[in-house]
Amino acid sequence: MVREEQEPVAMEPFSPISQLFVSPGLYCVIVLTLGFKTRSNPSTIVEGIKNTWVKLPRFSSKVEMKKNEKAVWIPVSVRVEDHVIVPDLDHANIENPDEFIEDYTSNIANTPLDMSRPLWEFHVLNIKTSNAESLCIGKLHHSLGDGMSLMSLLLASSRKISDPEAIPTTTVAKKHVESNDKGWWLVRRFWLMIRIIFTTIIELCKSLLTLCFMRDTKTPLMAKPGDTNTIRPRKVIHRIISFDDVKLVKNAMEMKVNDVLLGMTQAGLSRYLSKKSDENMMVEKENIRLRGTVTVNLRPDTKIEDLTNMMEKGSKCRWGNFLGIVIFPLRVRSEDDPLEYVRKAKTTMDMKKLSMEPLIIYGIIKCIMKIFGEKVTETIVKRIFGHTTLSFSNVMGPKEEISFFDHPMSYVTATALAGPQALIIHFVSYVNKIIINLAVDTTVIPDPHLLCDDLVESLDIIKSAVLEKGLHKMEV
Numbered sequence: 001m002v003r004e005e006q007e008p009v010a011m012e013p014f015s016p017i018s019q020l021f022v023s024p025g026l027y028c029v030i031v032l033t034l035g036f037k038t039r040s041n042p043s044t045i046v047e048g049i050k051n052t053w054v055k056l057p058r059f060s061s062k063v064e065m066k067k068n069e070k071a072v073w074i075p076v077s078v079r080v081e082d083h084v085i086v087p088d089l090d091h092a093n094i095e096n097p098d099e100f101i102e103d104y105t106s107n108i109a110n111t112p113l114d115m116s117r118p119l120w121e122f123h124v125l126n127i128k129t130s131n132a133e134s135l136c137i138g139k140l141h142h143s144l145g146d147g148m149s150l151m152s153l154l155l156a157s158s159r160k161i162s163d164p165e166a167i168p169t170t171t172v173a174k175k176h177v178e179s180n181d182k183g184w185w186l187v188r189r190f191w192l193m194i195r196i197i198f199t200t201i202i203e204l205c206k207s208l209l210t211l212c213f214m215r216d217t218k219t220p221l222m223a224k225p226g227d228t229n230t231i232r233p234r235k236v237i238h239r240i241i242s243f244d245d246v247k248l249v250k251n252a253m254e255m256k257v258n259d260v261l262l263g264m265t266q267a268g269l270s271r272y273l274s275k276k277s278d279e280n281m282m283v284e285k286e287n288i289r290l291r292g293t294v295t296v297n298l299r300p301d302t303k304i305e306d307l308t309n310m311m312e313k314g315s316k317c318r319w320g321n322f323l324g325i326v327i328f329p330l331r332v333r334s335e336d337d338p339l340e341y342v343r344k345a346k347t348t349m350d351m352k353k354l355s356m357e358p359l360i361i362y363g364i365i366k367c368i369m370k371i372f373g374e375k376v377t378e379t380i381v382k383r384i385f386g387h388t389t390l391s392f393s394n395v396m397g398p399k400e401e402i403s404f405f406d407h408p409m410s411y412v413t414a415t416a417l418a419g420p421q422a423l424i425i426h427f428v429s430y431v432n433k434i435i436i437n438l439a440v441d442t443t444v445i446p447d448p449h450l451l452c453d454d455l456v457e458s459l460d461i462i463k464s465a466v467l468e469k470g471l472h473k474m475e476v
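Residue numbers for the sequence shown follow UniProt numbering, beginning at 1 and rising by one.
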């Protein structure tokens, strides 16, 4: 690396959100799993990282705490081979490769990173599983960037299999066409502003009540009261489902992918908790409170070009941690019509989209950090997470098959391990697949595979209900 190129970024300060992630009380890492269709070549991956990842200042810097307890990035020399780990596996004694990978991934997730060097590492495993011929498991500290930043890095490091010179593409949300009727347009705009202000005030009041005292109902998914320890034994598992099944429900009910995934989550949690109802908890009660913290990307530009250019100087799309938090209520009860879970998810999601809650909360956290410092901010954030049951996020990945440093990919999944919650659910899409990734506190949820089964079965039930009602129309 050229030292002259690193001088301008020497002693780069942390953003407020990244500062929180390096505090001991909110230690947060992202575990990324890439499944390949071919056997891995570690030397090719090392060379690829040398030419891309380490050119980013944060991937070639370590964290140093100043006397005022503020963290800064300090550029250091990086030997990529020290960060790319190729374990010596005893293949003869691996009876169940899928279970072995789950244990290996969980062990990585539960092992703290060495804070004296750049905060990332990659494990290359040439072991065949049900869904891949080999795997690459990455562990990155969340201070390096949020999910959108790291997805941009993955996309920039990949190429289409159909066109090795072209960058991947992702699904782009369709924009509504405004009416040419200026009179009604002004009326609609005014009414929309009123709804946004009113909804934002209500949601901020709910967040304040959550911060003060409003805690979720005690269920078999809820972490123990007062347990704010973020370093906890977590089991990380994933399951692959068909994206076409999700699209079938989405198109039939004229909704978004997020609506279907949230509806499926509500149905799956209801199924799981109904099986645990004998454990001093009545799921059928209408007053049960179960909520999730949903991370929201606050960047206005999320097109593929913006993502891949995010690493360039002067890019309009911000690199780092630029995300807000939404507290999302989940409907957990038995429904005679399975489609009701999706309808309720859409109703709640439409209301949340009107709210400026995530942007305002982001601004409040920044102000509190500057005025009162890290300790107060950390206490507030941990209290919000501690009063809710789970974390939830969804990241849209490439819609075409891609190769990562000349390795054709079979799937990609990731999870962010943070907070005192016992359950973290992440959805990542790749071509015609959606990967469900669960990270659970095994002292609270000892049977994560059963929970994952309930999520998958719930989608099947919702899909069957769509077909039975004749809502699905064949696409020509």
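All residues carry an ideal CB built from backbone N, CA and C; glycine is no exception.
Worksheet item: From which residue to which residue does the beta strand (DSSP E) around Pro75 run?
Response: Numbered from 1 along the sequence shown, position 75 holds the residue referred to as residue 75. Segment 71-75, the beta strand (DSSP E) holding Pro75.
Worksheet item: Between which two residues does the beta strand (DSSP E) carrying Pro329 extend?
Response: Stepping through the sequence shown from its first residue, residue 329 is reached at position 329. Here the beta strand (DSSP E) through Pro329 covers 323-329.
Fill in: Sufficient close CB pairs (3 or more, under 8 angstroms) joining the segment 49-67 to the segment 413-430
no
Item to complete: Would you please state the rounded distance, in angstroms, between the beta carbons of Leu113 and Ser143? I believe it to be under 8 angstroms.
Response: Your numbering for residue 113 matches position 113 in the sequence shown. Your numbering for residue 143 matches position 143 in the sequence shown. The C-beta distance from Leu113 to Ser143 rounds to 10 angstroms, too long to meet the 8 angstroms contact threshold.
Practice prompt. Take every Cβ of the segment 261-281, pair it with every Cβ of the segment 319-332, and state whether three or more of those distances are shorter than 8 angstroms.
Written response: Result yes; three or more Cβ-Cβ pairs closer than 8 angstroms.
Worksheet item: Going by beta carbon distance, what residues of the same chain come within less than 7 angstroms of residue 523, once the five residues before and after it are set aside?
Response: A query on residue 523 cannot be resolved here, the shown segment of the chain reaching from 1 to 476 and no further.
Worksheet item: Could you give the distance in angstroms between the alpha-carbon of Ile360 and the alpha-carbon of Asn126?
Response: In the sequence shown, the residue the question calls residue 360 occupies position 360. In the sequence shown, the residue the question calls residue 126 occupies position 126. C-alpha of Ile360 to C-alpha of Asn126: approximately 46 angstroms in a straight line.
Fill in: DSSP state of Asp336 mapped onto helix, strand, coil
One-based indexing of the sequence shown puts residue 336 at position 336. Of the three classes helix, strand and coil, the one that applies to Asp336 here is coil, per DSSP.
Worksheet item: Quick one, are the C-beta atoms of Asn437 and His238 less than 8 angstroms apart?
Response: Counting from 1 along the sequence shown, the entry for residue 437 is found at position 437. Counting from 1 along the sequence shown, the entry for residue 238 is found at position 238. In this structure, His238 lies closer than 8 angstroms to Asn437 by Cβ.
Discussion item. Buried or exposed, going by whether 16 or more other CB atoms sit within 10 Å of the CB of Glu81?
Written reply: Your numbering for residue 81 matches position 81 in the sequence shown. Answer is exposed; the Cβ neighbour count stays below 16.
Discussion item. Check this for me: beta carbons of Asp216 and His387, under 8 angstroms apart or not?
Written reply: On the sequence shown, position 216 is the one that residue 216 refers to. On the sequence shown, position 387 is the one that residue 387 refers to. Yes, Cβ-Cβ distance for Asp216 and His387 is below 8 angstroms.
Practice prompt. Give a yes or no on whether the C-beta atoms belonging to Ser134 and Phe198 are separated by under 8 angstroms.
Written response: Position 134 of the sequence shown, counting from 1, holds the residue named residue 134. Position 198 of the sequence shown, counting from 1, holds the residue named residue 198. With contacts defined as CB atoms closer than 8 angstroms, Ser134 and Phe198 fail to qualify as a contacting pair.
Item to complete: Using alpha carbons as the reference points, say which of Val72, Ser403, Lys139 lies closest to Val63.
Response: Working through the sequence shown from its first residue, we reach residue 63 at position 63. With distances taken between Cα atoms, Val63 lies closest to Val72.
Worksheet item: Does the segment 339-356 touch the segment 252-265, meaning 3 or more C-beta pairs lie closer than 8 angstroms?
Response: yes
Discussion item. What does the Cβ neighbour count give for Leu221, buried or exposed, with the cut at 16 atoms within 10 Å?
Written reply: Numbered from its first residue, the sequence shown carries residue 221 at position 221. Looking at its Cβ environment, which holds 16 or more other Cβ atoms inside 10 Å, Leu221 is buried.
Discussion item. So for Ile389, helix, strand or coil by DSSP?
Written reply: Locating residue 389 in the sequence shown gives position 389, where the first residue counts as 1. As written in the sequence, residue 389 is Thr, which differs from the Ile given in the question. Correct three-state label for Thr389: coil.
Item to complete: Identify, in the order they occur along the chain, each residue of the same chain with its Cβ nearer than 7 angstroms to the Cβ of Glu335, setting aside the five sequence neighbours on each side.
Response: For the purposes of this step, residue 335 is taken as the residue at position 335 of the sequence shown. So the list reads Tyr341, once near-sequence residues are dropped.
Worksheet item: Near Gly324, which residues of its chain fall below 7 angstroms by C-beta distance, leaving aside the five closest residues on each side in sequence?
Response: As a position in the sequence shown, residue 324 is number 324, starting the count at 1. The residues are Val296, Leu298, Pro358, Leu359, Ile361, Tyr362.
Worksheet item: Got a sec? Which residues, its chain only, sit under 7 angstroms from Val456 by beta carbon, not counting five neighbours each side?
Response: Sequence index remark: in the sequence shown, residue 456 carries index 456 (1-based). Same-chain partners within the cutoff: Arg239, Ile241.
Practice prompt. Would you kindly work out how many angstroms separate the C-alpha atoms of Lys66 and Pro57, rounded to a whole number?
Written response: Numbered from 1 along the sequence shown, position 66 holds the residue referred to as residue 66. Numbered from 1 along the sequence shown, position 57 holds the residue referred to as residue 57. Cα to Cα, the separation comes out at about 19 angstroms.
Item to complete: Kindly indicate which three-state DSSP category Asn437 falls into: helix, strand or coil?
Response: Looking up residue 437 in the sequence shown gives position 437. The answer is strand: DSSP assigns Asn437 an E or B state.
Discussion item. Helix, strand or coil, according to DSSP, for Ser28 in the structure here?
Written reply: For this step, residue 28 is matched to residue 28 along the sequence shown. The identity of residue 28 in the sequence shown is Cys, whereas the question assumes Ser. DSSP places Cys28 in coil when its eight states are reduced to three.
Fill in: Which of helix, strand or coil DSSP assigns to Thr413
Residue 413 sits at position 413 when you count from the first residue of the sequence shown. Of the three classes helix, strand and coil, the one that applies to Thr413 here is strand, per DSSP.
Practice prompt. Could you pull out every unbroken alpha helix (DSSP H) segment of at least 4 residues lying fully inside the UniProt domain "O-acyltransferase WSD1-like N-terminal" (102-260), listed in chain order?
Written response: 147-156, 182-212, 243-253
Worksheet item: So, is Met409 buried or exposed, given that buried needs 16 or more other C-beta atoms within 10 angstroms?
Response: Along the sequence shown, one-based indexing puts residue 409 at 409. When all chains shown are included, Met409 counts as buried.
Discussion item. In the DSSP assignment, the alpha helix (DSSP H) including Thr52 goes from what residue to what residue?
Written reply: Position 52 of the sequence shown, counted from the start, is the residue given in the question as residue 52. First-last for Thr52: undefined, no H or E at that position.
Worksheet item: Can you tell me whether DSSP reads Ser40 as helix, strand or coil?
Response: The count along the sequence shown starts at 1 and reaches residue 40 at position 40. DSSP places Ser40 in coil when its eight states are reduced to three.
Discussion item. Residues in the same chain with beta-carbon distance under 8 angstroms from Ser207, minus the five sequence neighbours each way, listed in chain order, please.
Written reply: Looking up residue 207 in the sequence shown gives position 207. Excluding sequence neighbours, Ser207 sits near Ile327, Glu357, Ile361, Ile384.
Worksheet item: What first and last residue would you give for the beta strand (DSSP E) that runs through Met369?
Response: Position 369 of the sequence shown, counted from the start, is the residue given in the question as residue 369. Note, Met369: premise wrong, no beta strand (DSSP E); alpha helix (DSSP H) at 357-372.
Discussion item. Which of the three DSSP states is assigned to Glu64 in this structure?
Written reply: Working through the sequence shown from its first residue, we reach residue 64 at position 64. Glu64 falls in the strand class under three-state DSSP.
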